[in-house]
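Notes follow the structure.
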Amino acid sequence: MKKWYAFVLLVFLAACAENKNISNQLQGQKSLLAPNEIRIIDEKGNPVTGATVQVGYTAEAFPNNVLTTDQNGIMTIPNEWKNEEPVTIIADNFIRATYLHQKPEANVFVVHTYREQPTQELKGITTGFGELKRDDKIDFGLVLPLMSKTTLFQFDMGLFISPDSDIIEIMGRKMSVPSNVSLPDQTERYLFFNIRFNKPQYRTYFHEAGEYELIAAHGQFPFKKMIGEFESGKGFTEVVNLFDFLEGGLHLATAPGSSDLVINDFKLQGKQTVKAPQIPEGFSYFASSLQTQNNLMYPADVKRLLSNESISLKMSPLSTENMLLAAVAKEEKLEGGATRLNPSMSIAILPFVSGVTQTYLPLVAEPKVNGENIVVTAPKADSFNQLGTYLSLQDVKIERLETEYVERVTKKWEIYSANWENEIRLPKVGSDVEIINNLRWESIFLATKASSVIATGPEMFDVAEYITRNATNL
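If you read the sequence shown in my numbering, its first letter stands for residue 31, the second for the next number, and so on.
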């Protein structure tokens, strides 16, 4: 059971997303500033009052280089600021942020709200399965929020793994099932036993109260074949093609609250073909058809491909635009038989053109700490437009559930550069970042194919088409 749970997590890369466009927010806010003003805002465009802003690598870099934002989130650029400098923002209840190579000119910087695990619960029952007959297939429901492109690129397992699991009992044995997965009442036979599955409820969690767009999907997998694959030692990434998504329903629901969700409003049946490129040995190529709805996306299908292999993906009839998420990734086995995804991963989100061989950014080495510097290795990819580098310091809590590891990731520091960096010097600012569990540095390089695209900060993820990432635990 835990194996197919892990697959569900890999497939959808989904987190609690909001419908927002950071790029549009920044352009609008910049136009309102005087030439000597800088504004600090949150991810919703609200001013951040009382933020400490340090220009330079130390508090003594030059006179008047540490400032505080006013009630409108604005600070005045000091006359002593002459050259490109890092700008670091610290504010209560926000993640520390640093913007590298900044000139003394009007600008808007975004800081993200500090978040731990989501607590706003939405629960209910998934309906519409009908009477399920014995057919050697396990039917399940999966409830996910629609997601932004930024959320998909900033892939964080701890965000979309449900904080809680529900316990079901099968043949006297207790098994945990993720709370956003439902199992309609059904009975299948295995060996000499009739096994009943019955967990119609789902629960999913959000960081904030409010309305959310969701998809409730109906999927199946062959029961006996899946057991046989796992007993033969295969990992969950090797069995993803056994999952078949049949239909779904789109919903608007309020958290916290209760809402029953129908899973059979539309069929997933139209198909387009994707072809994998040549990929590194030991890695797999995962392709997911993404459907758009109000500038957000939801997955309709996912498959694993080998080098140069072609395969068809199901589509939704309701989509206004078809997108393709493609990831080069691999599963690795850890001590004791547990598995996890290797942090080295390359992801692309592009318009879905049937039959076209996809490209991806090369995989990169993990970041390394060298005194006050973080050494990163930019990809060698001359055919891509270099959009920027993102580095984050994370507090990672690792929990083991049966044969899988679950990570709870809390970001503590985000660093942005509009260049591809090879070494990043860390500013000395304020008190040290508090790490309670395990410390991790993660690096992400972002790119597009279009050479005219320029972005900075979180808006890089809005306009990116390709990323390559890696991480190191300390």
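By construction, the Cβ of each residue, glycine as well, lies at the ideal position given by its N, Cα and C atoms.
{"Item": "Is DSSP giving residue 260 helix, strand or coil here?", "Value": "helix"}
{"Item": "Whole beta strand (DSSP E) runs in the stretch 399-455 with 3 or more residues, listed along the chain?", "Value": "403-405, 415-431, 434-447, 453-455"}
{"Item": "With a CB to CB cut of under 6 Å and the five nearest residues on each side skipped, what residues in its chain are close to residue 224?", "Value": "217"}
{"Item": "Could you confirm whether any beta carbon from chain B is found closer than 9 Å to the beta carbon of residue 108?", "Value": "The question asks about chain B, but that chain is absent: this structure has only one protein chain."}
{"Item": "For residue 397, count the other beta carbons within 10 Å of its own beta carbon; 16 or more makes it buried, fewer makes it exposed. Which is it?", "Value": "buried"}
{"Item": "Name the two residues that bound the continuous beta strand (DSSP E) containing residue 333.", "Value": "326-335"}
{"Item": "Determine the extent of the beta strand (DSSP E) in which residue 345 is found, giving its start and end residues.", "Value": "340-345"}
{"Item": "Within a Cβ cutoff of 6 Å, which residues of the same chain sit near residue 444, ignoring the five residues on either side of it in sequence?", "Value": "125, 127, 422"}
{"Item": "What runs of the alpha helix (DSSP H), each 4 residues or longer, lie entirely inside the stretch 451-499?", "Value": "489-493"}
{"Item": "Considering only residues of the same chain and omitting the five flanking positions on each side of residue 303, which have a CB-CB separation below 6 Å?", "Value": "340, 342, 384, 385"}
{"Item": "Does the count of Cβ pairs from the stretch 157-167 and the stretch 471-487 closer than 8 Å reach three?", "Value": "no"}
{"Item": "Would residue 83 and residue 96 qualify as a contact pair, given that the criterion is a beta-carbon distance under 9 Å?", "Value": "yes"}
{"Item": "How would you label residue 233, buried or exposed, when you count the other beta carbons within 10 angstroms and need 16 or more for buried?", "Value": "buried"}
{"Item": "Should residue 154 go down as buried or exposed, given a rule of 16 or more other Cβ atoms within 10 Å for buried?", "Value": "buried"}
{"Item": "If you reduce the DSSP assignment to three classes, tell me which class residue 141 lands in.", "Value": "coil"}
{"Item": "Sort out for me which residues DSSP pairs residue 393 with in a bridge.", "Value": "For residue 393, which the question treats as bridged, DSSP gives no partner whatsoever."}
{"Item": "Considering only the alpha carbon of each residue, which of 243, 276, 319 lies closest to residue 289?", "Value": "243"}
{"Item": "Just to confirm before moving on: does the CB-CB distance between residue 516 and residue 120 stay below 9 Å?", "Value": "In the structure as shown, the chain starts at 31 and stops at 504, and residue 516 therefore has no counterpart that could be examined."}
{"Item": "How is residue 270 classed by DSSP in three states: helix, strand or coil?", "Value": "helix"}
{"Item": "Run through DSSP, which three-state label would residue 350 get?", "Value": "coil"}
{"Item": "I think residue 408 touches residue 500, with their Cβ atoms under 8 Å apart; what is that distance to the nearest whole Å?", "Value": "Not quite, the Cβ-Cβ distance comes to about 12 Å (not below 8 Å), so this is no contact."}
{"Item": "Using C-beta distances below 8 Å, list every residue in its chain close to residue 98, excluding the 5 sequence neighbours before and after it, in chain order.", "Value": "80, 81, 82, 83, 105"}
{"Item": "Determine the burial state of residue 74: buried for a count of at least 16 other Cβ atoms within 10 Å of its Cβ, exposed for fewer.", "Value": "exposed"}
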